[in-house]
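The structure under discussion appears below in the form of structure tokens.
Chains as they are written, first to last, in UniProt numbering: chain A, 1 to 422; chain B, 1 to 422.
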């Protein structure tokens, strides 16, 4: 494959080329669509695509109509996000052909900035656990991870430079690690969630998949000044969860850590306190209780069209009372407060992004390495740090202090330059 | 009017009557519908109503099909909440006749518990400032308050015992005070917001209008045990905002406070710290920035169908960068943390619910007395405490500690018994 083709450019390079006139939005969109035409029968990253419409929108941009910071840039959006002129099915047969009344806020804002919505990417059923058809771009016998399966695969496979995803447990971090791309889950609520089909409103967080950290930063923050961070303080966060990381993950993280130290980072180690480690169990209870409410309509009207595992999940906390739920919410807030102490002498934490390489089969893998940080509302980001025994990508997760997304992104830029990437 | 008619019963009394067989759901629904038929040409509380469907649903409940804690109880929902089998227009001509794919979570959960959705109540445009047609039930020359105008008016006028509303500034507390009913805005996120058309996802909070505190408690928490609170500690929270309260409000709150003391409450006074008083200005900036994103689709596609004041609002913070927004979110979280200190030696705070009586004209009144507490994510509740010079209701607002909704409701039950009600 020709990785110098426009569809493999980073978002910032593509925007620069459009800006200086060496590339048109139409040419870029066509290159992406050709890649999709060539590859998507195997990868199945897209749930809905309307090539003619995307080309027409790009032509309008090229004619100078509208556009701002993302002028001419193609993007995709996970099919859990509403779109007014493309169907939105939330990964469920219940919503086949559904046409929402409005674009989700993140889609509309990207369009206002001049980006071209190429298509909607496949998602696990209601962004939970039951897989969609998407395959790993490098090995069709394997999962790309989930639930933002199509978004991760599309960016990894050169189909689109940017795709929105969402995370309730590890639905951005894990597929980014599996597919070898950057996955950025911002602080809870930073990207406006209007038009996201919620499954757990207290946890659901919109984020982006890109090929570089700089792209993720630019798509979310535009040209904001970068915080000075010459020698980031990176704390390797140890916990019992590391026992579930495969040897190649642990070894790759060790090598990455050595690279960070050689590169000038101040690396330390800290143990995740027991009360925070226990909070991961609260994420499961909270998300199950909220899914029962968020999907109450579908649960009652279409019980036979929910997958068995989703039916099981929405019934998991059927016995929890609202008073118990209120208690659980207070515990969540207390844990979020406690988590601040993790950053007393660290800018970011380093943690596994997934157990190991993408697994054989379509099961999307355990969310264990992402769920706690989602529950704590902390910004997190996965970057590729090498390959495992099957030749597939491994990721490292960096986690930022509460609301310190720009500092996380600065540390991730630093770290990205020191990671082994293929 | 016959206030012993079934449509004037409290929710708990109606449920008891249905349970013991002295009232059928159908009879109750018909009584509500008759009241609506008689009165709604003047009040205009309902945006969408389907009487035959409601009667049919009540008949099914009476036949014993399904139902739980709210078996047979009619309710209404603000038309900012999605409903699958009644139109949902969000108070905007853009969405005339719109049919969402699913019921909002709170509607679906109420239905699962056996409640009968009577209709959708009128809302200000996208639950913001531009009034809908609803009139004050006691004086058609006056506003019922907003943005949950129809929900407050319908409960006050005997059209329905319970109605869901939502609050981003003071959209539950103010209309409840104006209309002389109980308005309960829970802690942020307690009632699942799935299916709410968001205008400011970090603030939008679903709540309920009822005729008694016990009803509000039951609808949200069911039969949860009530915290023991024999002599609640109530702190009158003083602030510069009191200068905007009219003399009748200040006098009514003074009389109410004396009643609370006589009733055994331990009443103290505390000054709102300056940094928290200043946080009210952050609520305005945050909600304007988020509205710009949440309504991006409507803003771009239908600019001429937004009211001038909504267009102004969504442009108010057009210059705020995402980095500034991230800063603002951190300031919000810091203010939320500081607010905990307000409850060091108080169970609840006492504060005005509105400037005074409902004003002449259709302007819905200032949100000033609600906006800060919404921004702080604290649970709040308005109860009627008497009448003003025009003979219209005045309300008192009680504010609970973070996540302490059941304690707030217990204190409000205590206080309600000591308030002058007509």
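Every residue, glycine too, gets a C-beta built ideally from N, C-alpha and C.
From a predicted model like this one, the values you see are computed outputs, not experimental measurements.
Please tell me whether residue i has its Cβ less than 7 Å away from any Cβ of chain B.
{"i": "residue 226 (chain A)", "result": "no"}
{"i": "residue 375 (chain A)", "result": "no"}
{"i": "residue 297 (chain A)", "result": "yes"}
{"i": "residue 395 (chain A)", "result": "no"}
{"i": "residue 403 (chain A)", "result": "yes"}
{"i": "residue 294 (chain A)", "result": "yes"}
{"i": "residue 230 (chain A)", "result": "no"}
Count the other CB atoms within 10 Å of the CB of residue i; is the residue buried (16 or more) or exposed (fewer)?
{"i": "residue 348 (chain A)", "result": "buried"}
{"i": "residue 198 (chain B)", "result": "buried"}
{"i": "residue 91 (chain B)", "result": "buried"}
{"i": "residue 211 (chain A)", "result": "buried"}
{"i": "residue 269 (chain A)", "result": "exposed"}
{"i": "residue 341 (chain A)", "result": "exposed"}
{"i": "residue 64 (chain B)", "result": "exposed"}
{"i": "residue 274 (chain B)", "result": "exposed"}
{"i": "residue 312 (chain B)", "result": "exposed"}
{"i": "residue 238 (chain A)", "result": "exposed"}
{"i": "residue 264 (chain B)", "result": "exposed"}
{"i": "residue 68 (chain B)", "result": "exposed"}
{"i": "residue 254 (chain B)", "result": "exposed"}
{"i": "residue 223 (chain A)", "result": "exposed"}
{"i": "residue 158 (chain B)", "result": "buried"}
Is the Cβ of residue i closer than 7 Å to any Cβ of chain A?
{"i": "residue 189 (chain B)", "result": "yes"}
{"i": "residue 209 (chain B)", "result": "no"}
{"i": "residue 101 (chain B)", "result": "yes"}
{"i": "residue 221 (chain B)", "result": "yes"}
{"i": "residue 330 (chain B)", "result": "yes"}
{"i": "residue 275 (chain B)", "result": "no"}
{"i": "residue 202 (chain B)", "result": "yes"}
{"i": "residue 300 (chain B)", "result": "yes"}
{"i": "residue 194 (chain B)", "result": "yes"}
In angstroms, rounded to a whole number, what distance separates the CA positions of residue i and residue j?
{"i": "residue 262 (chain A)", "j": "residue 293 (chain B)", "result": "42 Å"}
{"i": "residue 163 (chain B)", "j": "residue 288 (chain B)", "result": "27 Å"}
{"i": "residue 259 (chain B)", "j": "residue 417 (chain B)", "result": "10 Å"}
{"i": "residue 156 (chain A)", "j": "residue 108 (chain B)", "result": "39 Å"}
{"i": "residue 28 (chain A)", "j": "residue 161 (chain A)", "result": "10 Å"}
{"i": "residue 200 (chain A)", "j": "residue 20 (chain A)", "result": "43 Å"}
{"i": "residue 244 (chain B)", "j": "residue 179 (chain B)", "result": "20 Å"}
{"i": "residue 413 (chain B)", "j": "residue 403 (chain B)", "result": "18 Å"}
{"i": "residue 428 (chain A)", "j": "residue 111 (chain A)", "result": "Nothing can be reported for residue 428 (chain A), as the shown portion of chain A is limited to 1 through 422."}
{"i": "residue 246 (chain A)", "j": "residue 240 (chain A)", "result": "13 Å"}
{"i": "residue 148 (chain A)", "j": "residue 368 (chain A)", "result": "16 Å"}
{"i": "residue 7 (chain A)", "j": "residue 407 (chain B)", "result": "57 Å"}
{"i": "residue 85 (chain B)", "j": "residue 291 (chain B)", "result": "27 Å"}
{"i": "residue 401 (chain B)", "j": "residue 351 (chain A)", "result": "35 Å"}
{"i": "residue 214 (chain A)", "j": "residue 23 (chain A)", "result": "20 Å"}
{"i": "residue 4 (chain B)", "j": "residue 73 (chain B)", "result": "17 Å"}
{"i": "residue 18 (chain B)", "j": "residue 77 (chain B)", "result": "22 Å"}
{"i": "residue 165 (chain A)", "j": "residue 151 (chain A)", "result": "6 Å"}
Starting from the beta carbon of residue i, find every residue of chain C whose beta carbon is closer than 8 Å, and list them in chain order.
{"i": "residue 81 (chain B)", "result": "Chain labels in this structure do not include chain C; the protein chains are A and B."}
Contacting positions in the segment 84-112 of chain B - beta carbon closer than 7 Å to chain A: Of all residues in the segment 84-112 of chain B, those with a C-beta nearer than 7 Å to a C-beta of chain A are 84, 95, 98, 101, 102, 103, 105, 108, 109 and 112, reading in chain order.
Between the segment 208-226 of chain B and the segment 351-367 of chain A, do three or more beta carbon pairs fall short of 8 Å? In short, these stretches do not touch, since the Cβ pair count stays below three.
The segment 362-380 of chain A touching the segment 323-340 of chain A, judged by at least three CB pairs closer than 8 Å: The segment 362-380 of chain A makes contact with the segment 323-340 of chain A; the number of CB pairs closer than 8 Å reaches 3 or more.
Give a yes or no on contact between the segment 130-143 of chain B and the segment 311-327 of chain B, applying the rule of three or more CB pairs nearer than 8 Å. These segments do not touch.
Chain-ordered residues of the segment 34-60 of chain B with a beta carbon less than 8 Å from chain A: So nothing in the stretch comes that close.
Are three or more beta carbon pairs between the segment 172-190 of chain B and the segment 202-210 of chain B nearer than 8 Å? By the Cβ criterion, the segment 172-190 of chain B is in contact with the segment 202-210 of chain B, since at least three pairs of Cβ atoms, one from each stretch, lie closer than 8 Å.
Select from the segment 318-343 of chain B all residues with a C-beta closer than 7 Å to any C-beta belonging to chain A, and list them in chain order. Cβ contacts with chain A: 321, 322, 323, 326, 329, 330 and 333.
Name the residues in the segment 113-131 of chain B whose C-beta lies less than 7 Å from a C-beta of chain A; which are they? Closer than 7 Å at the C-beta level to chain A, one finds no residue of the segment 113-131 of chain B.
Quick one, which residues of the segment 131-146 of chain B are near chain A if we go by CB-CB under 8 Å, in chain order? Against chain A - using a Cβ distance shorter than 8 Å - the segment 131-146 of chain B contributes no residues.
Validate contact between the segment 57-76 of chain B and the segment 86-102 of chain B using beta carbons, cut 8 Å, 3 pairs: Segments in contact, no.
Beta carbons nearer than 8 Å to chain B: which residues of the segment 277-291 of chain A have them? Going along the segment 277-291 of chain A in chain order, one finds 290 with a Cβ nearer than 8 Å to chain B.
Would you call the segment 49-58 of chain B and the segment 109-121 of chain B touching, i.e. three or more CB-CB distances under 8 Å? The segment 49-58 of chain B vs the segment 109-121 of chain B: in contact.
Below 9 Å between beta carbons is the criterion; list the residues of the segment 404-419 of chain A that meet it against any residue of chain B, in chain order. Identification of residues in the segment 404-419 of chain A having a C-beta nearer than 9 Å to some C-beta of chain B yields 404, 405 and 406, given in sequence order.
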